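K.L.:
First, the structure itself, so that you have it in front of you.
Chains as they are written, first to last, in my numbering: chain G, 5 to 378; chain B, 5 to 378.
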C-alpha cells in the first residue's frame, strides 16, 4: 500500500494518509542554517541521525559541512555506514557479548566508526574484542549529566580515560556529554543559564583530561535547544543537533535567541497529512491518524491553519479533533496538514518520508534505520 | 542488525535487545481459550489483527475457529488477504477517491473482503467504484457508539442500511459497533453493566433493520474486555477480540468474571527483552528500551520478578528504572523481561516477534502489517 515511485509528481494533498511529508526547501534551509549560525564560533556540527534515520538526509548534512553523524543504536550506525556515511559516533554503550563483537566488526569494516563507553568492564571487553578483531578502535567516554548514561564527571571519568588510553587496541578520542533535560527549557536566557551551569562539572572534567595530556579531539554534546549556547564552553568541539532538520511542536515552543516566544531559527519542515473520516458531531472531527501515526507525545499535534483545534491522538487508529472555532467547515475525505509534537519517535513509525517541493512530491526518502532499536 | 534465521534455537536471554518476544505456549492457549469460553453461546470470533499485524498469527486464529479477521487499515487488509487469510472485515471507512478505488480492487481480487461504511456520499462512491470494477461488494454499516466513527443509531442508520441495500453493486451484510470506552472499565460487573447499557441503542437499531427484512448476517463488535458479555445481546454474531492473544498491563488490571483483581482469562504472552546499560546510581537502572521500544502508553511497563520497579519509558532511546526494593542487584549487561503497557502500538514498532517455547526461539514471526497505517 506504500506509494513509492508512483508518488513522484503528486500533490501532497493527493497522498494516501497518514503520510509523513517533509518540505524540502525548509529542510534544506534548516540544514544550512545551523552552519551559517555557527560559522566562526569554533563549534562543529555532528548531527544525531536518531531523528531522521535516513542515509539520504545524513548525506545532505555531511554535504553542508557536518563533521560526521551520531547514532543512538548499533543498527542505526550500521545502516549509515553501509549507505555512504563514513563517520558515525555511536553515543550508546554496547554492553553484551553479542553487541560488543558486532560493534568491533563494524569498526573493522569502517574506520570512521567511534564507540561510546562508560564503565571499566566494558572497556576491558571492548579491548578484548578489538584485539581479537586485530584493530585499534576509536572510543569516546560518555560523561554522566542527567543520571541516565555515562560515568561521573571528575576523577571517576579521568580514571576511565586513562584506562582507555592504556589499552593497546583502543584509542581514546575524547568525551561526550548530553544534557537532555536542558534542551527543552523554555526561554533562551533561562536555557542558556541552565546549560552552562549543567556543563560546569563536564568542563572541569575536560580540563583535568586536557592537563593530563589525553587526546581531546572530541568534546561532543548539546542539541537543537542549546546549539547556539555551547561555543563559550572551553574545548567543546561539536553539537549533536537532531531535531533542527524537521523541528516539531515541542521545540517551536521553547523560544529562541532572537524570538522569545517562538524558536524560529529553524522552520517546521515535517508534517503529517491526515484525512477526515467523520464529521457527524458538531465541534468534532475524526481523522485516520491516531497514536500509531503521531505517538502519544505532548503537546498535541498542531493542525496548520486551525489554531483552535485540539488534536487528540490517544486512540491507536483514530485521531479526534475537538474545537469551538473553525476557519472552515470540513467535509469527509478532506485532508489536514499537521505538525507533530515530537519528530524523532514519529519518524520511527514510517517507512518513507515524502520529500515535497512547492507541494509536489519530488523524492521518496527511505527511513532505512526505522525500527533499528537494537 | 535484525536476527532472523540465526536466532532459531537461541535462548531468549541471548537475543540482542530490545527484542519483542511471544511465549508460544501461552499465545496458543489464549487463541484456544476464547473459543472454549464462547462455545455454545452463539457468539463467534472475528479477531482484530491490528493487534499483531502478522498473517502467521492470523492463520493460527483461523485454524482455531475464527470466522475471519478484522483489519483497521486498507494496508493491513491487503497484507492479510495477500498472505493466506481469506476473510477480512475492514472496520474503517475509506473516504478518498484513491482508497475507494484500491478498496474495490482488493474486493475484486478477494471475495472475502468486507468494507465498512458510515455516510451516504461514501455509499454512493463505493457503488460507483464497485460498478466500475464490475463487482458486487460486501459492506457493513458502522454504527456510532463513542462519537468517533459510524452513523447515529436508530433511523439514521436504518436509512443508510436501506440505501446500501438498494445499491446494485453493494451487498448489505449487517452492522458493526465498537464500544471502545467500555473495554477497559475496571471490574467485571461494572464493565458488563456499562457494555449492555452502551449497546441498547445498537440493539434497537439491529431490531429495526431485522424487522425491515435487511440481511443481518453480521452484527460485530466488542473486544477483549467484553468478549464474555456479548452473548446476551440479541442478534450479535461475533466479537472483535484483539489483545487477547498477547494481553498487556492495561488489560491485566481490569479484572475478569472469575477473578476480581486480575483479568486472567488470557495469559500475558508478549514481553520485551531489555538490557541494563548503567547502574552507577543507587535505586536506579538505565536500560536500552525507551519510548521507541515501549511507546508512551500508561501504566508503565511491568518488570517480571521485580514488582517494586517503576519503569519510565519517557525518553526515546533509554528506559530508566527507579526503585526502593530490588530482589537482586543487577550488573551492566544483564537482561530484564518486561510486560508492555499496551500491546497494539508496541507491536507496530517491531519488524519481527520472536516466537519462544521453553525460553528458546522456535520461530521468527514477521510483522508484515507493521507501519501499514494507510
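Glycine included, C-beta positions come from ideal geometry on N, C-alpha and C. The structure presented is a predicted model; accordingly, all values stated were derived computationally and were not measured.
Report the CB separation of residue 353 of chain B from residue 375 of chain G in whole angstroms; it is logged as a contact under 8 Å.
P.N.:
Contact flag correct, Cβ pair sits at about 6 Å.
K.L.:
Between which two residues does the beta strand (DSSP E) carrying residue 159 of chain G extend?
P.N.:
Unbroken run through residue 159 of chain G is the alpha helix (DSSP H), 159-170; no beta strand (DSSP E).
K.L.:
In this structure, what does DSSP give as the bridge partners for residue 225 of chain G?
P.N.:
DSSP, once it has assigned bridges, lists G:181 and G:243 as partnering residue 225 of chain G.
K.L.:
Beta-carbon within less than 8 Å of residue 110 of chain B's beta-carbon, same chain only, minus the 5 sequence neighbours each way: which residues are those?
P.N.:
So the qualifying residues of the chain are 78, 81, 82, 85 and 117.
K.L.:
Closer than 8 Å between beta carbons: that is the criterion. Which residues of the stretch 103-131 of chain G meet it against chain B?
P.N.:
If the cut-off is 8 Å between Cβ atoms, the stretch 103-131 of chain G has 103, 106, 122, 123, 125 and 126 near chain B.
K.L.:
When you compare the CB positions of residue 228 of chain G and residue 246 of chain G, do they come within less than 8 Å of one another, or not?
P.N.:
In this structure, residue 246 of chain G lies closer than 8 Å to residue 228 of chain G by Cβ.
K.L.:
Would you report the Cα separation of residue 301 of chain B and residue 217 of chain B, rounded to the nearest angstrom?
P.N.:
The straight-line gap from Cα to Cα measures roughly 44 Å.
K.L.:
Taking only the alpha-carbon atoms, compute the straight-line gap between residue 289 of chain B and residue 347 of chain B and give it to the nearest angstrom.
P.N.:
If I take the Cα positions, the gap works out to 24 Å.
K.L.:
Express the C-alpha separation of residue 140 of chain B and residue 378 of chain B in angstroms, rounding to a whole number.
P.N.:
Between residue 378 of chain B and residue 140 of chain B, the C-alpha separation is close to 24 Å.
K.L.:
Given a cut-off of 8 Å on the beta-carbon distance, is the pair residue 27 of chain B and residue 368 of chain B in contact?
P.N.:
It is not a contact, given that the beta carbons lie outside the stated cut-off.
K.L.:
With a threshold of 7 Å on Cβ separation, who are the neighbours of residue 271 of chain B within its own chain once the five nearest residues in sequence on each side are excluded?
P.N.:
Excluding sequence neighbours, residue 271 of chain B sits near 30, 33, 34 and 251.
K.L.:
Does the separation of the CB atoms of residue 328 of chain G and residue 296 of chain G fall below 8 Å?
P.N.:
The answer is no: Cβ separation not under 8 Å.
K.L.:
Name the DSSP beta bridge partners of residue 108 of chain B, please?
P.N.:
The partner list for residue 108 of chain B (beta bridge, DSSP) is empty, contrary to what the question assumes.
K.L.:
Ordered along the chain, which non-local residues of its own chain (more than five positions away) have a Cβ less than 6 Å from that of residue 150 of chain G?
P.N.:
If we look at residue 150 of chain G and ignore the five residues flanking it on each side, its Cβ neighbours are 184 and 185.
K.L.:
Would you call the stretch 13-28 of chain B in contact with the stretch 36-54 of chain B, where contact means no fewer than 3 C-beta pairs closer than 8 Å?
P.N.:
Short answer: they don't touch.
K.L.:
Can you grab the Cα-Cα spacing for the pair residue 243 of chain G / residue 313 of chain B, in whole Å?
P.N.:
Cα to Cα, residue 243 of chain G sits roughly 34 Å from residue 313 of chain B.
K.L.:
Can you have a look at residue 333 of chain G and say buried or exposed, based on whether 16 or more other CB atoms are within 10 angstroms of its CB?
P.N.:
The residue is exposed, with fewer than 16 neighbouring Cβ atoms inside 10 Å.
K.L.:
In whole angstroms, give me the CA-to-CA distance for residue 279 of chain B and residue 351 of chain G.
P.N.:
So the alpha carbons of these two residues sit roughly 24 Å apart.
K.L.:
Return the chain-ordered list of same chain residues with a C-beta closer than 7 Å to the C-beta of residue 219 of chain B, the five sequence neighbours on each side being excluded.
P.N.:
Counting only Cβ-Cβ distances below 7 Å, and skipping sequence neighbours, we find 176, 177 and 178.
K.L.:
In whole angstroms, give me the CA-to-CA distance for residue 341 of chain B and residue 125 of chain B.
P.N.:
Going from the Cα of residue 341 of chain B to the Cα of residue 125 of chain B covers about 49 Å.
K.L.:
Relative to chain G, which residues along the stretch 338-361 of chain B have a C-beta separation below 7 Å, given in chain order?
P.N.:
Within the stretch 338-361 of chain B, the qualifying residues are 348, 349, 352, 353, 354 and 355.
K.L.:
Let me check one thing: in DSSP terms, what residues is residue 147 of chain G bridge-paired to?
P.N.:
Its beta-bridge partners are G:155.
K.L.:
Tell me which same chain residues have a C-beta within less than 6 Å of the C-beta of residue 349 of chain G, skipping the five on either side of it?
P.N.:
These residues qualify, in order along the chain: 299.
K.L.:
Just checking: is the beta-carbon of residue 295 of chain B within a distance shorter than 8 Å of some beta-carbon in chain G?
P.N.:
It does; some Cβ of chain G falls within 8 Å.
K.L.:
Restricting to runs no shorter than 4 residues, where is the alpha helix (DSSP H) found entirely within the stretch 240-284 of chain B?
P.N.:
If we require 4 residues or more, the alpha helix (DSSP H) runs fully inside the stretch 240-284 of chain B come out as 253-256.
K.L.:
Is the beta carbon of residue 343 of chain B closer than 8 Å to that of residue 305 of chain B?
P.N.:
Yes, the pair counts as a contact, with Cβ atoms nearer than the cut-off.
K.L.:
Could you check whether the Cβ of residue 22 of chain B sits closer than 8 Å to any Cβ belonging to chain G?
P.N.:
Output row for residue 22 of chain B: interface = yes.
K.L.:
Compute the Euclidean distance between the alpha carbons of residue 269 of chain G and residue 91 of chain G, then round it to the nearest angstrom.
P.N.:
Near 26 Å, if we compare the C-alpha coordinates of residue 91 of chain G and residue 269 of chain G.
K.L.:
Just to make sure I have the definition right: I need the residues of chain G whose C-beta is within less than 8 Å of the C-beta of residue 285 of chain B. Which are they?
P.N.:
Under the 8 Å cutoff, chain G gives 151.
K.L.:
For residue 190 of chain G, which residues of its own chain have a beta-carbon under 8 Å away from its beta-carbon, when the five flanking residues on both sides are left out?
P.N.:
Around residue 190 of chain G: 257, 258 and 259.
K.L.:
Roughly how many angstroms separate the alpha carbons of residue 89 of chain G and residue 20 of chain B, rounded to a whole number?
P.N.:
Distance between the alpha carbons of residue 89 of chain G and residue 20 of chain B is about 24 Å.
K.L.:
Counting only the same chain and skipping the five closest in sequence on each side, list residues whose C-beta sits under 6 Å from that of residue 214 of chain B.
P.N.:
Hits under 6 Å: 220.
K.L.:
According to the neighbour-count rule (16 or more other Cβ atoms, all chains shown, within 10 Å of its Cβ), is residue 66 of chain B buried or exposed?
P.N.:
Residue 66 of chain B should be labelled buried.
K.L.:
Could you give the residue range of the alpha helix (DSSP H) that holds residue 80 of chain G?
P.N.:
From DSSP, the alpha helix (DSSP H) with residue 80 of chain G extends over 78-85.
K.L.:
Please list, in chain order, the chain B residues whose beta carbon lies closer than 9 Å to that of residue 54 of chain G.
P.N.:
The answer, in chain order, is 296, 320 and 321.
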